[in-house]
Amino acid sequence: MEPKMSNTPLLPAPRAVIFDWDDTVVDNWSIAVKALNTALVQMGLEAWTNEQCLRRAGGSAKDLFFGLFGDRWQEADKIYYDTFHALLDNKVNLHNHIEDIFRTLHGAGVYLAVVSNKRGNLLRAEAGKVAFDRYFGRIVGAGDATADKPDPAPVLLALQDSGVVPGRDVWFIGDSHADMICAHRAGCSAVLIETKPPPEDMLAQALPHARMRDHLHLMEFIGDYFA
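Pasting the structure below:
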């Protein structure tokens, strides 16, 4: 299907779209905050406020906990993931309109992939549970590439064998400042979905090329490219 361009498109029509997962595809923020604070408290630190979590979110759990606890990072990591999955109770909380977005892009022949800092095996299991794996050429999680977001390595892995090289016609859609930094470092278009907007001073490190209020806004934005 040929893209239908608006008169003044903000971004080039996408040859590929890479999605973050947590808080971009699935709605897990409140659960992640509770699990993180459980790990922090059990490891002897004070719980973080929502603002502190927003400022420190986006990296992998391994990188976060190694920075906090050094060689004891695996203890915190286990507490975090055990608590997270207990709170999630085997559910996958999807954002509204997300599958409509996948269907539209996939139907238009756009290559789709996921780059997340959720551990790779857990990420792929969750994607399979809701049968979203059928939309993606690659699903790249923490530990799959030589480094995790915001390093560009997982983006390069996600595009491997796709025939698409990083460029402005590759959109990286995510909710955190780390996603925007990753997009810029990979040379892609950074698209922020404001499910939990990062502090503006954090975004100033790597400004989004486009900002979406919610998934309906993103769906309408995509509609300017694909009829």
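Residues 25 to 251 (the working numbering) make up the sequence shown, in order.
Built from N, CA and C at the ideal position, the CB exists for glycine as well.
Predicted model, so just to flag it, every value in this text is computed and none were measured.
Provide the residue span of the alpha helix (DSSP H) that contains residue i, from first to last.
i	result
residue 138	From DSSP, residue 138 is part of no alpha helix (DSSP H) but of the beta strand (DSSP E) over 135 to 143.
residue 43	Run containing residue 43: none in the alpha helix (DSSP H); it sits in the beta strand (DSSP E), 40 to 43.
residue 62	53 to 66
Could you please give the first and the last residue of the uninterrupted beta strand (DSSP E) stretch that includes residue i?
i	result
residue 196	194 to 198
Shortest alpha-carbon distance to residue i belongs to which of the options?
i	options	result
residue 102	86, 117 and 80	86
residue 122	198, 224, 162 and 223	198
residue 169	50, 181 and 161	181
residue 154	174, 118, 249 and 167	118
Between which residues of its own chain and residue i is the CB-CB distance below 6 Å, once the five residues before and five after are set aside?
i	result
residue 159	126, 130 and 136
residue 31	Since pLDDT at residue 31 reaches only 36, below the 50 mark, its modelled position is unreliable, and the value read off the structure follows with that caveat. So the list is empty, once near-sequence residues are dropped.
residue 36	192 and 193
residue 1	It is not possible to answer for residue 1, since the shown part of the chain is limited to 25 through 251.
Count the other CB atoms within 10 Å of the CB of residue i; is the residue buried (16 or more) or exposed (fewer)?
i	result
residue 213	buried
residue 134	buried
residue 191	exposed
residue 120	exposed
residue 82	buried
residue 145	exposed
residue 231	exposed
Identify, in the order they occur along the chain, each residue of the same chain with its Cβ nearer than 7 Å to the Cβ of residue i, setting aside the five sequence neighbours on each side.
i	result
residue 222	78, 200 and 201
In its own chain, which residues sit with a C-beta less than 8 Å from the C-beta of residue i, not counting the 5 before and 5 after it?
i	result
residue 40	134, 135, 136, 137, 183, 186, 188, 193, 194 and 195
Practice problem: Enumerate, from N- to C-terminal direction, the unbroken alpha helix (DSSP H) stretches of 4 or more residues contained entirely within the segment 68 to 154. | Solution: 74 to 80, 85 to 93, 97 to 112, 122 to 131 and 144 to 153
Quiz item: Which runs of the beta strand (DSSP E) spanning at least 3 residues fall entirely within the segment 166 to 246, listed in chain order?
Solution: 194 to 198, 213 to 217 and 234 to 236
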